[in-house]
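Chemist: Residue 46 is where the sequence shown starts when you use my numbering, and the numbers rise one by one after that.
Structure incoming, see below.
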Amino acid sequence: MLEKTLRMNYLFDFYHSLLTLKQREYMSQYYLDDFSLGEIAEQFEVSRQAVYDNIKRTEAMLEEYENKLQLLEKFEKRTSLLAQLKTAIQQNAAPEEMQSLIDMIRKLD
46 MLEKTLRMNY LFDFYHSLLT LKQREYMSQY YLDDFSLGEI AEQFEVSRQA
96 VYDNIKRTEA MLEEYENKLQ LLEKFEKRTS LLAQLKTAIQ QNAAPEEMQS
146 LIDMIRKLD
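Pasting the structure below:
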């Protein structure tokens, strides 16, 4: 569950501008503020089932956006490559190795 929450938070960060206001509010309250479905339903004066359905649809949309745009995947790869580059610099690696890492980072853009 924690992994899913973390993934949804990242996807929400990358793609929130593609969501409707209601979707953003539901997702923000559910994943960022840790509100229950009942608390969100009460605030918006809708059923708990309506909130649940909206969140599930929005999660699917976020996954679809990620499948098409791969912003999270590229972010994770870039973060990993930057960590490798930092290690290579600290260990005085060969310039060719550092250049290879830099080239891989550039290809992500």
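Glycine is no exception: its CB is placed at the ideal position from the N, C-alpha and C atoms.
Once DSSP output is grouped into helix, strand and coil, what is the label at T103?
Modeler: In the three-state reduction of the DSSP assignment, T103 falls in the helix class, which pools H, G and I.
Chemist: Quick check: the Cα distance between T103 and Q135, rounded to an integer number of angstroms?
Modeler: Whole-angstrom Cα-Cα distance: 43 Å.
Chemist: Within 10 angstroms of the Cβ of Q72, are there 16 or more other Cβ atoms? Answer buried if so, exposed if not.
Modeler: The displayed chain sequence assigns Met, not Gln, to residue 72. Buried.
Chemist: Work out the CA separation of L66 and M53 for me, nearest whole Å.
Modeler: 17 Å
Chemist: Got a sec, what are the start and stop residues for the alpha helix (DSSP H) Q144 sits in?
Modeler: P140 to L153
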